[in-house]
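Chains as they are written, first to last, in the numbering used here: chain A, 236 to 340; chain B, 171 to 408.
Okay, structure coming up:
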């Protein structure tokens with residue numbers, strides 16, 4: 236990975252994250268935010284994470300990757316466990332177990 | 171009730187923060203491992219965790235750097251993942267807005283899920299708390315969490331150097347995100363946002379420079395917001 240690029244990302248991401256956190260607390264103050272903006276902010280993470288993951292599952296970049304049906308099965312199981320238990324670590328445990336079964340058994 | 175001393179508020183925050191070590195430490199260690207596997211050196215991994223203190227956004231940046239996405243896309247996506255902290259900032263300002271600027275800046279630097287959730291709960295429950303007592307509670311929550319985050323990132327990075335690559339770790343990052351997603355699906359609107367993000371990501375996969383990701387994220391976000399409006403109009407609140 237390109238060193239310069241890594242450092243640029245680290246620097247810009249820390250400044251950006253700080254500004255997001257400092258926005259109201261330090262700059263805007265107690266003036267509230269328009270409701271339509273809050274409504275959109277609520278769904279950014281939940282939209283961008285699956286958008287990032289899906290292509291990785293369908294078009295693996297790594298030659299050593301498991302076949303697509305297996306990948307989708309593991310992903311689906313992980314999602315279902317996370318949804319049903321509301322517990323990130325239960326989901327990660329199941330994902331790990333599924334990966335061990337797929338790659339090493 | 172009489173005014174609570176800042177000291178007792180600190181310890182209340184501290185004991186409230188302790189259980190969250192169970193959540194924070196594995197995530198930090200995983201970041202250390204995966205960042206090292208992705209090719210970052212120990213200094214980079216540590217500065218990354220120290221300076222951003224951002225959890226999921228760090229994982230997102232890592233994934234996209236591995237895909238060789240343009241720097242602007244890496245940043246836009248990682249910041250989008252972290253946009254919720256702007257909501258936290260808005261929500262906590264009524265309680266901490268009167269504190270000295272340096273304290274607000276420090277609190278802002280560490281504004282993540284756990285101190286936000288615990289502190290706003292405490293401030294609602296005890297509206298009589300003075301500003302110093304509120305700040306003490308906030309600092310108390312972070313006292314176990316922040317050092318553990320850094321220490322476990324370090325341990326993960328050291329362990330990552332010892333783990334050989336090519337053992338299915340290409341799936342580790344995507345699965346981490348998927349595991350985070352399950353519990354995020356709190357309402358129908360969240361599901362709509364996620365599904366729209368997925369469909370658009372597939373449709374836009376050939377858009378150059380990973381711009382498809384940004385378009386899909388924006389589309390999903392707007393779909394979620396619209397779904398919320400429609401559901402509210404029909405009287406759903408779930």
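Just so you know, even glycine gets a beta-carbon here, dropped at the ideal spot from N, CA and C.
Residue i burial status per 10 Å Cβ neighbour count (16 or more: buried)
i	result
residue 340(B)	buried
residue 379(B)	exposed
residue 283(A)	buried
residue 200(B)	buried
residue 356(B)	exposed
residue 238(B)	exposed
residue 232(B)	buried
residue 403(B)	exposed
residue 244(A)	buried
residue 185(B)	exposed
residue 222(B)	buried
residue 333(B)	exposed
residue 323(B)	buried
residue 280(A)	buried
residue 311(A)	exposed
residue 282(B)	buried
residue 292(A)	buried
residue 246(A)	exposed
Coil, strand or helix - residue i by DSSP
i	result
residue 294(A)	coil
residue 282(B)	coil
residue 238(A)	helix
residue 274(A)	helix
residue 242(B)	helix
residue 421(B)	The requested residue 421(B) does not occur in the structure, where chain B is confined to residues 171 to 408.
residue 378(B)	helix
residue 229(B)	helix
residue 188(B)	helix
residue 404(B)	coil
residue 175(B)	coil
residue 267(B)	coil
residue 298(B)	coil
residue 237(B)	coil
residue 248(A)	helix
residue 209(B)	coil
residue 301(A)	coil
residue 317(A)	helix
residue 328(A)	helix
residue 260(A)	helix
residue 253(B)	coil
CB contact check: residue i to chain B, cutoff 9 Å
i	result
residue 330(A)	yes
residue 304(A)	no
residue 308(A)	no
Neighbour flag for residue i against chain A, beta carbons, 9 Å
i	result
residue 177(B)	no
residue 340(B)	yes
residue 267(B)	yes
residue 323(B)	no
residue 346(B)	yes
residue 367(B)	yes
residue 405(B)	no
residue 399(B)	yes
residue 305(B)	no
residue 188(B)	no
residue 289(B)	no
residue 279(B)	yes
residue 372(B)	yes
Next item on the list: Starting from the N-terminal side, write out each stretch of the alpha helix (DSSP H) that is 4 residues or longer and does not extend beyond the stretch 303-366 of chain B.
Entry: Within the stretch 303-366 of chain B, the complete alpha helix (DSSP H) runs of at least 4 residues are 342-354.
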